[in-house]
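Per my numbering, the sequence shown starts with residue 1, numbered consecutively. C-beta: ideal position from N, C-alpha, C; glycine also. Encoded as structure tokens, the structure appears first; notes follow it.
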Amino acid sequence: MNALDELGLLLRPAGGGLYLVSSGRAAQLRLQRRLYGLGDADGEEAVAAAHRAALARLAEARVVLLGVPSDVGAGYLRGANLGPQAIREALCEAVPDWPARAAAAGVVDAGDVFVVPQLLHDDMVSDAQKTATRAALYRGVAPADAAALPVSPLSIAERALDLVFLRAPHAAPVVLGGDHSCAWPVVAALARSRARAGAPPWGIVQPDAHTDLLAERLGVKYCFGSWSYHANDLLGRGGRLVQVGLRASRHDRAHWEETLGVRQFWADECRTRPAAVLDDIVTHLRAAGVSAVYLSNDIDGTDEAWADATGTPEPGGLEPDFVVELIRRLGRAPGLCGGDVMEVAPPLERTPGGAARTVALAARYVRETIAAILGRAV
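Here you go:
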């Protein structure tokens, strides 16, 4: 099986990562027609063909968009599985010719990881369940080939991105989550790709209200509260993980910086001296020897007044203009090698219009991230 064939098995057309049979399927199909420039009479076969054509263009991509509609790694409030579809809809509303404009700029939408909503990572799944789920996901695939395919959203995302980077080693991933555990497979695959290319050290900048620095949570290695711990180790520590906007933690900054070697800029200092903090972030990254940054943007890093449709919104957070300026500054130096927007959960709005505000802001962040990677507006 070649890489393109395997990607065709692992991924679904954009907006199609949620398993819908009746309820919600019509809205899903309407979005897919819009994303692929199809007519009202076009059905699933036309959508699938358009997705396959998009995958065939991966080698030309400068940016690869990927949806991971999983909230299995979240906390006690769920709903981020609806984030990728809502963000894509908001992109189309903000820029009516978004699909054509993005394609012209070298953005290839690789589609969605197909999510079995009871699974998180293959390391947590029994052999019997893997066999049963493979039989459901990969019908018609030879048993020997199917046995090598992942079944859980984080594992599928990681394998899919490995294949993407083999076809487009210089492309930057931009991922739509999903809870924040969905960032782990991105940075894991990106680390392997950069190692193959002999690229210099890179870093992660994480706007977030929370540290996500648990080694495990209730025995689970990869989840919304632990992914940063493992990403920090993947980077080799040394201050190459920079967290911005923190304000909800059992420990103070000294604890995290001294025990794990991260660099943190808490929300209060970002609000009181925003320009100086932006300068400090760039200066720190330069001193840490970081040559490129992956921006992992948890929407709850932004103040809840602007983004309350998320699992754990927090007051006293970052202003949207600060986050946008952070994205732009990182795009100029040291440069972005990818990014994401995580934890957008439209069903969880706390105030009237909260979902619309949150999703529109997430779409703005996605556009700014792509623009910072490309060096031009999209």
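- Around the C-beta of ALA275, fewer than 16 other C-beta atoms lie within 10 Å, and the residue is accordingly described as exposed.
- For ARG57, there is no enclosing alpha helix (DSSP H), as DSSP gives it neither H nor E.
- Taking GLU343 as reference, the option from ASN81, TYR76, GLY17 with the minimal CA-CA separation is ASN81.
- DSSP links TRP98 through a beta bridge to no other residue.
- ALA105 places its beta carbon 8 Å or farther from that of TRP202.
- In chain order, ARG33 place their CB closer than 8 Å to the CB of GLY39, counting only its own chain and leaving out the 5 sequence neighbours on each side.
- Linking LEU154 to PRO334 through their CA atoms gives a straight-line distance of about 28 Å.
- Here the region 358-366 makes contact with the region 316-328; the two share three or more CB pairs at distances below 8 Å.
- In the same chain as VAL63, and ignoring 5 residues on each side of it, the C-beta atoms closer than 7 Å to its own belong to GLY106, VAL107, ALA171, ALA172, VAL174, ILE370, ILE373, LEU374, in chain order.
- Excluding the 5 residues flanking it on each side, ILE156 has same chain C-beta neighbours closer than 6 Å at LEU10, VAL113, PRO150, in chain order.
- Here GLU93 has no same chain residue with a Cβ atom under 7 Å from its own Cβ, once five neighbours each way along the sequence are excluded.
- If you draw a 10 Å sphere on the C-beta of PRO84, you find 16 or more other C-beta atoms in it, and that means buried.
- DSSP places ASN297 in the uninterrupted beta strand (DSSP E) bounded by 293-298.
- Proximity to GLY225 across GLU258, ALA49, VAL72, MET1 peaks at VAL72, based on C-alpha coordinates.
- Taking every protein chain shown into account, the CB of ASN297 has 16 or more other CB atoms within 10 angstroms, so this residue is buried.
- Here SER181 is buried. Its C-beta has 16 or more other C-beta atoms within 10 Å.
- In the structure shown, GLN118 falls within a coil segment according to DSSP collapsed to helix, strand and coil.
- Distances from the alpha-carbon of VAL220 to those of ASP109, PRO13, ALA209, GLY75 put GLY75 closest.
- Its Cα nearest to that of ALA267, the residue HIS210 stands out among ALA147, HIS210, THR133, TRP256.
- The beta carbon of ALA189 sits closer than 7 Å to those of GLU158, LEU161, ASP162, PHE165, all from its chain and outside the five residues before and after it, given in chain order.
- If you draw a straight line from the Cα of ALA148 to the Cα of GLY238, it is about 36 Å long.
- Within a 10 Å sphere around the beta-carbon of SER22 sit fewer than 16 other beta-carbons, which makes this residue exposed.
- Around LEU330, the same chain offers VAL205, VAL293, LEU295, LEU336, ALA372 as residues with beta carbons nearer than 7 Å, after the five sequence neighbours per side are excluded.
- The beta carbons of ASP308 and GLU349 sit about 6 Å from each other, so the pair counts as a contact at 8 Å.
- Residue GLU44 holds the alpha-carbon nearest to the alpha-carbon of GLY15 among GLU44, LEU241, ALA3, GLN118.
- Straight across, the Cα-Cα distance linking ALA168 with LEU4 is about 12 Å.
- Each residue's CA atom was taken as its position, placing SER152 and ALA146 some 14 Å apart.
- Residues GLY37 of the same chain have their beta carbon placed closer than 8 Å to that of ALA100, with the five preceding and five following residues left out of the count.
- Residue pairing by DSSP places TRP266 opposite LEU246 in a beta bridge.
- Sorting ARG247, ASP179, GLN243, ARG30 by C-alpha distance to the C-alpha of VAL262 places GLN243 at the top.
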